[in-house]
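Below: one structure, written as structure tokens.
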Amino acid sequence: MKSRRIMSLWFPRLAAEHSVRQGLGMPGMPFAVVGQEGQKQVLVSLSAEAEAAGLRRGQPLSDACAMCSTLQTRLMDPQVDHDVLTALCRWAGKFSPWVSEEPPDTLVADITGCAHLFGGEATLLDQVKTECAGLGLTLRASIADSVGAAWALARFSGKEMAGTRSGDDIAQEARATRSRAAKRRHWERGGPKPVAAAPSSCGARIVPPGQVWAALADLPVAALRIEEDMVVRLNRLGLRRIGDLAGQPRAGLRRRFGHSLLQRLDQALGTEPEPVNPARPRHHFGVRLTFPEPIGAREDIEAAIKRLLPTLEERLRTTGRGMRQVRLECHRSDHKTSRVEVGLAHAMTALDRVCALLMMKADAIDAGCGIDMIRLVATVAEPVTSRAHATLAAAEHGDTMQSTRERQTECLLNRIGARIGLETIVRLHPAESHIPEKTFNVLHAAWSEPAKAWPQPRTLRPLELWRPEIVTVLKEGPELPATFHWRGRAFETRAALGPERVAPEWWLDEPEWRTGVRDYWRVTTRTDERLWLYFAHGAAKSPGWFCQGSFC
55 MKSRRIMSLW FPRLAAEHSV RQGLGMPGMP FAVVGQEGQK QVLVSLSAEA
105 EAAGLRRGQP LSDACAMCST LQTRLMDPQV DHDVLTALCR WAGKFSPWVS
155 EEPPDTLVAD ITGCAHLFGG EATLLDQVKT ECAGLGLTLR ASIADSVGAA
205 WALARFSGKE MAGTRSGDDI AQEARATRSR AAKRRHWERG GPKPVAAAPS
255 SCGARIVPPG QVWAALADLP VAALRIEEDM VVRLNRLGLR RIGDLAGQPR
305 AGLRRRFGHS LLQRLDQALG TEPEPVNPAR PRHHFGVRLT FPEPIGARED
355 IEAAIKRLLP TLEERLRTTG RGMRQVRLEC HRSDHKTSRV EVGLAHAMTA
405 LDRVCALLMM KADAIDAGCG IDMIRLVATV AEPVTSRAHA TLAAAEHGDT
455 MQSTRERQTE CLLNRIGARI GLETIVRLHP AESHIPEKTF NVLHAAWSEP
505 AKAWPQPRTL RPLELWRPEI VTVLKEGPEL PATFHWRGRA FETRAALGPE
555 RVAPEWWLDE PEWRTGVRDY WRVTTRTDER LWLYFAHGAA KSPGWFCQGS
605 FC
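Position in the sequence shown counted from 1, then plus 54, gives you my numbering.
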């Protein structure tokens with residue numbers, strides 16, 4: 055059986071080098087991408103110049119600025135970094151159809167049966183390095199029999215092992231510790247002798263088939279993709295290299311470090327399969343328009359959108375999809391981008407109204423010194439259901455008034471959603487309950503259908519309903535008060551209809567119903583307020599009068 059061949063591509067400076075290429079930093083100057091870690095900002099990606107200045111990943115930004123006064127930075131943008139890695143994944147598809155992403159900076163490709171198309175693995179790797187250098191990206195790559203081995207070699211091959219502070223490094227210890235050093239030299243009592251830090255002997259990035267163990271033996275245990283805490287514990291026991299694990303009983307390693315250590319070791323050696331899981335190819339719906347001269351007027355932007363929409367609409371129709379969310383990208387001549395997004399209530403194939411929705415957010419577009427390219431992307435495209443097709447066909451032929459009302463409602467939702475967000479628009483649906491505040495469910499209007507019919511209550515219900523509010527009366531009791539105080543005002547009862555008794559759901563323990571059975575009254579005051587009052591007879595809580603709604 056032919057062994058698998060895996061290529062690992064690691065871009066150690068991906069975010070920083072992409073930012074410099076986009077013009078966010080001056081070439082030749084130290085540059086870093088800054089991320090948030092707890093309550094402090096730390097460096098997450100460094101350019102070669104920043105590393106040469108002594109900066110390191112994970113270093114606090116304040117310390118880095120003190121060490122390098124010329125450091126240029128930008129805040130980490132996870133979406134941009136993900137898009138860059140996705141673009142590189144599409145590029146790597148020319149070398150293998152089986153490529154997966156390992157965020158934030160790694161690609162893994164199964165090149166089994168592909169290398170001969172490029173003249174061999176060495177030629178393939180040279181081409182990959184050459185193209186990455188042309189893109190201005192630093193690359194460390196390796197080819198091995200397993201995903202774990204290729205990953206380890208890409209990161210640790212040719213590196214010197216970092217020294218680990220332990221009790222065996224006598225020069226680091228206090229004087230009292232040095233005096234007891236003879237008692238702590240476990241290798242003099244038959245234990246394994248610690249290996250001094252030395253350069254790895256495995257400088258090659260391409261491991262011949264079947265020679266994974268020889269390539270990994272001198273690499274540090276951190277190359278097994280295990281947690282940092284486990285690396286420290288292994289180093290304390292003198293197990294610093296992968297080869298040190300070979301002579302250890304597996305049962306003892308499992309008992310002390312768990313199954314994950316042995317699993318990672320087996321995956322690196324290829325004895326436990328680890329498949330490459332490429333992301334399912336996504337449909338990309340995007341169109342762009344480039345201008346000979348920069349534009350900035352609102353009318354020009356609107357005309358460009360109208361010119362792009364028919365092409366985008368045709369692409370969606372051919373795949374049976376409708377647009378659910380659209381993003382307008384305005385790329386300026388100073389290499390900056392202004393973006394606006396609009397969400398739609400339902401997946402749409404007829405995009406004639408999308409332009410108006412986008413122009414409602416035109417004030418958020420900063421044209422700057424001019425826009426030289428506009429891009430329109432359907433960021434969310436969903437399959438169009440048969441109901442949507444039927445509604446669209448009926449509207450096009452003018453068959454029913456129902457379809458017109460549905461389109462008008464959908465248009466209203468889209469326009470309101472463009473202003474305040476679709477997730478803030480809700481609608482009510484009937485629910486099965488005799489409790490007044492439980493007779494309806496709140497649903498998002500954009501992702502639900504209108505209720506077909508509402509059940510008619512036995513008695514009239516208020517137009518406004520709120521949480522019960524205490525009503526102050528002169529005499530406590532179930533008799534309807536002639537006067538009462540509510541919300542800081544005094545009211546006199548002119549007319550009333552009731553009582554209507556409502557009992558709580560005894561199988562539920564709800565805090566608001568611990569006052570027991572309620573007697574509801576429809577009360578009309580002297581000042582023509584029509585309120586919904588009730589008297590709670592008391593249970594776990596004391597009885598009293600409350601106001602819960604209004605009829606006008």
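Beta carbons are placed, not taken as given, at the ideal position from N, Cα and C, and that holds for glycine. None of these values were measured; they are calculated from a predicted model.
**Report entry** Under the three-state DSSP convention, the category Q133 falls into
**Finding:** Here residue 133 corresponds to residue number 79 of the sequence shown, with the count starting at 1. Residue state, collapsed to three classes: helix.
Query - CA nearest to the CA of Q93, picked from L115, A86, G108 - result: By one-based count along the sequence shown, residue 93 stands at place 39. Among L115, A86, G108, the Cα nearest to that of Q93 belongs to L115.
Requested in this report: Would you kindly check if the distance between the Cβ of I197 and the Cβ of I260 is under 8 angstroms?
Outcome: Looking up residue 260 in the sequence shown gives position 206. Looking up residue 197 in the sequence shown gives position 143. Remark: C-beta atoms of I260 and I197 approach each other more closely than 8 angstroms.
Query raised in the report: For A418, which option in G350, I479, Q90, R572 has the closest C-alpha, if you only look at C-alpha atoms?
Result: In the sequence shown, the residue the question calls residue 418 occupies position 364. Taking only the C-alpha atoms, the option nearest A418 is G350.
Query - Other residues of its chain near C122: CB distance less than 8 angstroms, five sequence neighbours each side excluded - result: As a position in the sequence shown, residue 122 is number 68, starting the count at 1. Correct list, in chain order: P84, A104, A107, G108, L109.
Query - Cα-Cα separation between W599 and T493, rounded to whole angstroms - result: Translated into the one-based positions of the sequence shown, residue 599 becomes position 545. Translated into the one-based positions of the sequence shown, residue 493 becomes position 439. So the two alpha carbons sit approximately 22 angstroms from each other.
Report task. Report the rounded CA-to-CA distance for A499 versus L467, giving the unit in angstroms. Result -> Position 445 of the sequence shown, counting from 1, holds the residue named residue 499. Position 413 of the sequence shown, counting from 1, holds the residue named residue 467. Distance between the alpha carbons of A499 and L467: 8 angstroms.
Requested in this report: Would you mind stating whether W520 and Q602 have Cβ atoms separated by less than 8 angstroms?
Outcome: On the sequence shown, position 466 is the one that residue 520 refers to. On the sequence shown, position 548 is the one that residue 602 refers to. Between W520 and Q602, the C-beta gap is smaller than 8 angstroms, which places the two residues in contact.
Report task. For my contact list, S553 and W575 are in at a C-beta cut-off of 8 angstroms; report their separation, rounded to the angstrom. Result -> To locate residue 553, count along the sequence shown from 1; it is residue 499. To locate residue 575, count along the sequence shown from 1; it is residue 521. One point to set straight first is that residue 553 is Pro, not Ser, in the sequence displayed. At roughly 6 angstroms, the Cβ-Cβ gap stays under 8 angstroms, so P553 and W575 are in contact.
**Report entry** Where V480 falls, given that 16 or more other Cβ within 10 Å makes a residue buried
**Finding:** For the purposes of this step, residue 480 is taken as the residue at position 426 of the sequence shown. Classification for V480: exposed.
Query raised in the report: Mapping DSSP to helix, strand and coil, what is S609?
Result: As displayed, the chain neither begins before 55 nor continues past 606, which places residue 609 out of reach and without an answer.
**Report entry** Residue nearest to T579 in terms of C-alpha spacing, selected from L562, R548, A593
**Finding:** Looking up residue 579 in the sequence shown gives position 525. Between T579 and the set L562, R548, A593, the nearest pair of CA atoms involves R548.
**Report entry** 6 angstroms CB neighbourhood of P158 in its chain, flanking five on each side removed
**Finding:** Translated into positions along the sequence shown, residue 158 becomes position 104. Annotation for P158: D135 place their beta carbon closer than 6 angstroms to its own, counting only its chain and skipping 5 residues before and after.
Query raised in the report: Which class does P490 belong to by DSSP, given the choice of helix, strand or coil?
Result: Here residue 490 refers to the residue found at position 436 when the sequence shown is read from its first residue. P490 sits in a helix when the DSSP states are folded into three classes.
Query - Closest Cα partner of R279 within the set P262, P329, R209 - result: As a working note, residue 279 is residue 225 in the sequence shown. Nearest option by C-alpha distance: R209.
Query raised in the report: With distances taken between CB atoms, is the gap from L343 to L405 smaller than 8 angstroms?
Result: By one-based count along the sequence shown, residue 343 stands at place 289. By one-based count along the sequence shown, residue 405 stands at place 351. Contact: no.
Query raised in the report: If you draw a straight line from the alpha carbon of W561 to that of E460, how long is it in whole angstroms?
Result: Stepping through the sequence shown from its first residue, residue 561 is reached at position 507. Stepping through the sequence shown from its first residue, residue 460 is reached at position 406. Counting only the Cα atoms, E460 lies some 41 angstroms from W561.
Requested in this report: Could you name the residues that DSSP lists as bridge partners for A432?
Outcome: Here the question's residue 432 lines up with position 378 in the sequence shown. Note: A432 sits in a beta bridge opposite V380.
Query - Per DSSP, cross-strand counterpart(s) of V162 - result: Sequence index remark: in the sequence shown, residue 162 carries index 108 (1-based). Partner residues in the beta bridge of V162, as assigned by DSSP, are S62, S154.
Query raised in the report: Taking three-plus beta-carbon pairs below 8 angstroms as touching, is the region 424-438 in contact with the region 395-405?
Result: Pairwise C-beta distances place the region 424-438 in contact with the region 395-405, as three or more of them are shorter than 8 angstroms.
Requested in this report: Whole angstroms is fine: what's the gap from E102's alpha carbon to E71's?
Outcome: What you label residue 102 is simply residue 48 of the sequence shown in a count that begins at 1. What you label residue 71 is simply residue 17 of the sequence shown in a count that begins at 1. Inspection of the sequence shows that residue 102 is occupied by Ala rather than by Glu. When the Cα atoms are used, A102 and E71 turn out to be separated by approximately 9 angstroms.
Query raised in the report: Just curious, the beta strand (DSSP E) that S604 is in, first and last residue?
Result: Position 550 of the sequence shown, counted from the start, is the residue given in the question as residue 604. Its beta strand (DSSP E) spans residues 598-604.
Query raised in the report: For S392 versus D420, is the C-beta spacing smaller than 8 angstroms?
Result: Taking the first residue of the sequence shown as position 1, residue 392 is located at position 338. Taking the first residue of the sequence shown as position 1, residue 420 is located at position 366. Taking the C-beta atoms as reference points, D420 is found nearer than 8 angstroms to S392.
Query - Straight-line gap, C119 to V96 (C-alpha atoms, nearest Å) - result: Along the sequence shown, read from residue 1 onward, the residue named residue 119 stands at position 65. Along the sequence shown, read from residue 1 onward, the residue named residue 96 stands at position 42. In a straight line, the C-alpha of C119 is about 11 angstroms away from that of V96.
Query - V266 and A203 closer than 8 angstroms at C-beta - result: Taking the first residue of the sequence shown as 1, we reach residue 266 at position 212. Taking the first residue of the sequence shown as 1, we reach residue 203 at position 149. Contact flag set, yes.
Query raised in the report: Is any heavy atom in the ligand MG found nearer than 7 angstroms to the beta carbon of G202?
Result: With respect to the ligand MG, the structure offers nothing, as it holds no ligand at all.
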